[in-house]
Amino acid sequence: GGGGGGGGGGGGGGAKASSESKPVYVEGLSEFAVRNAADCLALIRMGEENRAQRETNMNAFSSRSHSVFQLVVEQRLASGDGERFLRSKFNLVDLAGSEKWDTRLDMAAEHQKELTKINLSLHTLGRCIAALAKRGREQGPPGSVHVPYRDSKLTRLLADSLGGNCKTRIVAALTPASDCIEESVSTLRFADRAKQVMVRVRLNETRPVDHIMVSNLKKENARLKNLVLAMKTTME
3 GGGGGGGGGG GGGGAKASSE SKPVYVEGLS EFAVRNAADC LALIRMGEEN
53 RAQRETNMNA FSSRSHSVFQ LVVEQRLASG DGERFLRSKF NLVDLAGSEK
103 WDTRLDMAAE HQKELTKINL SLHTLGRCIA ALAKRGREQG PPGSVHVPYR
153 DSKLTRLLAD SLGGNCKTRI VAALTPASDC IEESVSTLRF ADRAKQVMVR
203 VRLNETRPVD HIMVSNLKKE NARLKNLVLA MKTTME
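First residue of the sequence shown? That's 3 in our numbering, and the numbers climb one at a time after it.
Given below as structure tokens:
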């Protein structure tokens, strides 16, 4: 079985994220049950239609919102020693492009707000990746270097993709145009920092509770406690 959910919001950010408990809740996020690849592609197309786009100095059809598509796949496997449950989550993310503040242009207030929020979320993502890379170089425990996941909604959503129990791939989009060399170098530096992040992946596998075994272990534990107590009494 499997479930799929997708979310895309404007760079101005209408989504509200909270994660007081372990799962991250995003207000307005849609979640659907899917059965095959066609269902997933239909959801991606629906999200793409809702995505904000606007012309910038760098791109005539620039995405002015981040797009996140999460696919959760769960499997129940039968084996000789009982059932096993495997759970996987795929995060497919298309980031909005950064944009320079051109003081020569008269930008509307909404454009200014959008630009600021997109650049801030991308800056926070870069800080998280830099902190994770530093932790990997120093080979310290998880809490040795602070990673500012909570500083943006984007990084809170992608915390498990960045430094969690997962494998991550990044596709960096570049242009051969010479007048965009500064942006291309910046993108390559970002990708290089991301390559330095080291994670150790383990299998997300659980087994159902064997209540009979638990009951037998409790009885054995009680028997051993009584035995130890009897030995102490005899020695006294």
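Even glycine gets a Cβ: it sits at the ideal position worked out from N, Cα and C.
Check: Going by CA-CA distance only, name the one from V75, G99, G84 that's closest to F92.; Outcome: V75
Check: Just grab the DSSP bridge partners of A54 for me.; Outcome: A54 is not bridged to any residue.
Check: Can you give me the C-alpha to C-alpha distance between N218 and L226, rounded to a whole angstrom?; Outcome: 12 Å
Check: So, are the CB atoms of S123 and L94 less than 8 Å apart?; Outcome: no
Check: Put S186 into one of helix, strand or coil per three-state DSSP.; Outcome: helix
Check: With DSSP as the reference, please indicate the residues paired to V95 in a beta bridge.; Outcome: V70
Check: Just curious, the alpha helix (DSSP H) that N250 is in, first and last residue?; Outcome: The structure shown does not extend to residue 250, since the chain spans only 3 to 238, so no value can be given for it.
Check: Per DSSP, what kind of secondary structure is S65 in: helix, strand or coil?; Outcome: strand
Check: Taking 8 Å as the cut-off, decide whether the C-beta atoms of E101 and L79 are in contact.; Outcome: no
Check: Just the C-alpha distance for N228 and H213, rounded to the nearest angstrom, thanks.; Outcome: 23 Å
Check: In whole angstroms, what separates the C-alpha of G6 from that of G165?; Outcome: In this prediction, G6 scores a pLDDT of 44, lower than 50, which makes its location untrustworthy; no coordinate-derived value is stated.
Check: Taking only three categories from DSSP, how would you classify G82?; Outcome: coil
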